[in-house]
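Report on one structure; see the data block that follows.
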Amino acid sequence: MLEVPVAPSMRPALDASHFPQERRPIERRIVVIVVLSVLIGIVSGFAAQLLVRLINLVTALSFHGTLSDAPSTPLGNHLGLWVIVVPALGGIVVGVMARFGAEGIRGHGIPEAMERVLTSESRVPMKLTFFKPVSAAVAIGTGGPFGAEGPIIATGGAMGSLVGQVLRTSSAERKTLLSAGAAAGMAATFGTPVSAVLLAVELLLFELRPSSLIPVALASAAAASVRFAFAGAQPFFKLDVLGAPTGSALAAYTFLGVIAGLAAIGCTRGVFATESAFEKLPVHWMWWPAIGGLAVGVIGYFAPETLGVGYHNIDHMLSGDLPLKALLVVTVLKFVSWALALGSGTSGGTLAPLFTVGGGVGGLFAFACAAVAPALHVEAGVAALVGMAAIFAGASHAFLASVVFAFEATRQPLGLLPLLLGCASAYLVSLLLMRTSIMTEKIERHGIRVVHEYAADFLDRQLVRDQMQTEVVALPASESISEARTRLAADPRHQGFPVLDDKGLLAGVVLRREVNDGADGVRTVGDLVHRAPAVVFADSSLREAADHMLRENVGRLPVVQRENPRALVGYLTRSDILAAHRRRLDQIRIQNPGIALHGTGLLQRKKKP
Numbered sequence: 004m005l006e007v008p009v010a011p012s013m014r015p016a017l018d019a020s021h022f023p024q025e026r027r028p029i030e031r032r033i034v035v036i037v038v039l040s041v042l043i044g045i046v047s048g049f050a051a052q053l054l055v056r057l058i059n060l061v062t063a064l065s066f067h068g069t070l071s072d073a074p075s076t077p078l079g080n081h082l083g084l085w086v087i088v089v090p091a092l093g094g095i096v097v098g099v100m101a102r103f104g105a106e107g108i109r110g111h112g113i114p115e116a117m118e119r120v121l122t123s124e125s126r127v128p129m130k131l132t133f134f135k136p137v138s139a140a141v142a143i144g145t146g147g148p149f150g151a152e153g154p155i156i157a158t159g160g161a162m163g164s165l166v167g168q169v170l171r172t173s174s175a176e177r178k179t180l181l182s183a184g185a186a187a188g189m190a191a192t193f194g195t196p197v198s199a200v201l202l203a204v205e206l207l208l209f210e211l212r213p214s215s216l217i218p219v220a221l222a223s224a225a226a227a228s229v230r231f232a233f234a235g236a237q238p239f240f241k242l243d244v245l246g247a248p249t250g251s252a253l254a255a256y257t258f259l260g261v262i263a264g265l266a267a268i269g270c271t272r273g274v275f276a277t278e279s280a281f282e283k284l285p286v287h288w289m290w291w292p293a294i295g296g297l298a299v300g301v302i303g304y305f306a307p308e309t310l311g312v313g314y315h316n317i318d319h320m321l322s323g324d325l326p327l328k329a330l331l332v333v334t335v336l337k338f339v340s341w342a343l344a345l346g347s348g349t350s351g352g353t354l355a356p357l358f359t360v361g362g363g364v365g366g367l368f369a370f371a372c373a374a375v376a377p378a379l380h381v382e383a384g385v386a387a388l389v390g391m392a393a394i395f396a397g398a399s400h401a402f403l404a405s406v407v408f409a410f411e412a413t414r415q416p417l418g419l420l421p422l423l424l425g426c427a428s429a430y431l432v433s434l435l436l437m438r439t440s441i442m443t444e445k446i447e448r449h450g451i452r453v454v455h456e457y458a459a460d461f462l463d464r465q466l467v468r469d470q471m472q473t474e475v476v477a478l479p480a481s482e483s484i485s486e487a488r489t490r491l492a493a494d495p496r497h498q499g500f501p502v503l504d505d506k507g508l509l510a511g512v513v514l515r516r517e518v519n520d521g522a523d524g525v526r527t528v529g530d531l532v533h534r535a536p537a538v539v540f541a542d543s544s545l546r547e548a549a550d551h552m553l554r555e556n557v558g559r560l561p562v563v564q565r566e567n568p569r570a571l572v573g574y575l576t577r578s579d580i581l582a583a584h585r586r587r588l589d590q591i592r593i594q595n596p597g598i599a600l601h602g603t604g605l606l607q608r609k610k611k612p
């Protein structure tokens, strides 16, 4: 820095200017977060195995009277009418755990995790780490029509948050750890690490940055590796495709996506209508899961296929071997059973029930095509796969996660194009007709806004030199206070002014009120400079400049050359940064040749030359 003889009062300004912090794609501390995320992923993988075995144990004990953690379903039980009571008993246990243990176990987990991210700096109560998986095992094991993935995702997220709270981490780092645990939970359930990462991005992270993406990806991979070690690396669902889809079949799958999108809207509204109905009951919410469980038991008595997780139903849909009547019964009654159970506030998930309903919609669509238009060559298995992915895309608004999940779960490349078309059309229909999703409806009812658009920060792409003011009102350090007051009275626009020494180099910044209220004994403008100036470089981004203003608690920054930090080249104010967004608005506005957006912010007619 160039040394210039100055008055003692100006010395602090020349000792060290305050420069903006350079924004880096990633910091070295990310290594710590990565290590923690991988450990969380491994633990989540083992926790998923433990929860699945606990569900099997409760299922075997509740429906077959045996103690075994081997894979088990409610099918084949000999309880008769007593099967109606089993889900109700499970609901009582869950209600008691929610009332006296942790109320946060109610629901399917992902919306609750989203709300913690948005409102509580990703802090999840410690007791949820224990109560959520246990309550889910009881609810699902006693016949609840849920999948294990929702509780496992919630449990993994709770573990990630717990690690972030025990150790010294920032709110952003806790969010990353929570998302890493949640993604690991999904990867540990289905062995689909890529879609787990996308689900975390679309529903929890609300961003796509290296500092969060890398830890979540490695945690998902670690959890999937644990699953492969226990269950093997085969696809979670088996799908045999007869051949590449024809053009007419692709058009049919696109239309199927529209139907699935409408079904997703119906499912979402049905679940929340049921929840609203339960809220009107004249009994404490602790008993609602028992009432919902009783309804699940009644439906399960007449349609045992609706009880429990029901992954076998999805397998039959993908193989296309379910008769029409059985497919219709499973699709409709599974939805009714799930809506009643989830609306009652018990502990469960959404993915498996939605996949079952969507697979049924796709299977019914294939039956209709075979009967009316066999020339379309719609395959029953592919239609079921498109239906299950598309209904989840429409209901959750997690478009990419839905497409990639269905592909990863079957590893059938010929199904990828139908999936992309079906999910995109379902996503479009859902966005047009339903602003919220099954994941965000409850959150937005609490007054919390959830935004699903992720774009690069506009200010990060704009440079200071393109927005700064080049005609700067600067005050010489040797100018008297009375002369400065006279000059400033003629220019009321600004409140801060750079001060230049006798060589024209930046010495500091003074405020209008400091000049107007100059204390006794202060003779020149230079006498008012008592602190190092906060400056910004001409090639800095507007985001760096805005952040620097917040850190320094100032509303304006002198712009200097990077190679000579005391050479003033411009001036930047908060209003200048805000005005830069006019360019962003112009980019998304359909241009009319006769209309221009002027500095006033109003649309005005261009004058003809």
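Going by our numbering, the sequence shown opens with residue 4, and the numbers climb by one from there.
Just so it is clear, CB atoms sit at the ideal spot from N, CA and C, and this is done for glycine as well.
Being a predicted model, the structure only gives us computed values, none of them experimental.
8 Å contact criterion, which residue i and residue j should meet: CB distance rounded
i, j, result
"G184", "S47", "6 Å"
"T179", "S215", "5 Å"
"A392", "I441", "Not confirmed; about 15 Å, so no contact."
"G361", "V274", "Actually they are not in contact, since the Cβ atoms of G361 and V274 sit about 14 Å apart, beyond 8 Å."
"L531", "E517", "5 Å"
"L208", "S182", "5 Å"
"G511", "P536", "5 Å"
"P77", "G146", "5 Å"
"L259", "G365", "6 Å"
"T132", "A151", "Incorrect: roughly 16 Å between the Cβ atoms, too far for contact."
Bridge partner(s) assigned by DSSP for residue i
i, result
"F358", "Its beta-bridge partners do not exist; DSSP assigns none."
"F540", "V563"
"T527", "S483"
"S350", "G110"
"L640", "No information on residue 640 is available, as it lies outside the stretch 4 to 612 that the chain covers here."
"Q472", "Y574"
"H21", "A537"
"L478", "V502"
"L466", "S544"
Exposure label - residue i; buried when at least 16 CB within 10 Å
i, result
"F408", "buried"
"I268", "buried"
"P23", "buried"
"T2", "In this structure the chain extends from 4 to 612, so residue 2 is not present and cannot be described."
"D460", "exposed"
"W341", "buried"
"R592", "exposed"
"H400", "buried"
"R119", "buried"
"S578", "exposed"
"Y457", "exposed"
Endpoints, beta strand (DSSP E) assigned at residue i
i, result
"R586", "Where R586 is concerned, there is no enclosing beta strand (DSSP E), although the alpha helix (DSSP H) it sits in stretches over 584-591."
"V502", "499-503"
"P196", "Counting along the chain, P196 falls outside any beta strand (DSSP E), though it belongs to the alpha helix (DSSP H) covering 196-203."
"R559", "559-563"
"L571", "571-576"
"S513", "Strictly speaking, residue 513 in this sequence is Val, with Ser absent from that position. Start and end: 509-514."
Residue i: first and last residue of the uninterrupted alpha helix (DSSP H) it sits in
i, result
"S228", "213-234"
"N316", "314-322"
"N59", "33-67"
"F275", "250-282"
"Q168", "152-169"
"K241", "From DSSP, K241 is part of no alpha helix (DSSP H); its letter is neither H nor E."
"S399", "383-399"
"P421", "419-436"
"D550", "545-555"
"G295", "291-305"
"M189", "174-193"
"K445", "444-448"
"M100", "88-103"
Proximity test, Cβ basis, 7 Å: residue i and chain D
i, result
"E30", "The question asks about chain D, but that chain is absent: this structure has only one protein chain."
The ligand GTP heavy atom lying under 6 Å from the CB of residue i
i, result
"F338", "Absence of the ligand GTP is noted for the structure shown, with no ligands found whatsoever."
Between the region 199-206 and the region 164-172, can you find at least three pairs of beta-carbon atoms closer than 8 Å?
no
Any 3 or more C-beta pairs closer than 8 Å across the region 341-360 and the region 94-102
yes
Given 8 Å, three or more beta-carbon pairs between the region 371-382 and the region 226-241
no
Please confirm if the region 81-89 is in contact with the region 102-112, defined as three or more CB-CB distances below 8 Å between the two stretches.
no
Decide if the region 383-390 is in contact with the region 409-424; the criterion is three or more beta carbon pairs, one per stretch, under 8 Å apart.
yes
Decide yes or no for the touch test of the region 132-146 against the region 42-61: beta carbon pairs closer than 8 Å, at least 3 of them.
yes
For the 8 Å Cβ check, are there 3 or more pairs between the region 218-234 and the region 467-483?
no
Tell me whether the region 546-564 and the region 575-589 touch, counting them as touching only if at least three CB pairs, one residue from each stretch, are closer than 8 Å.
yes
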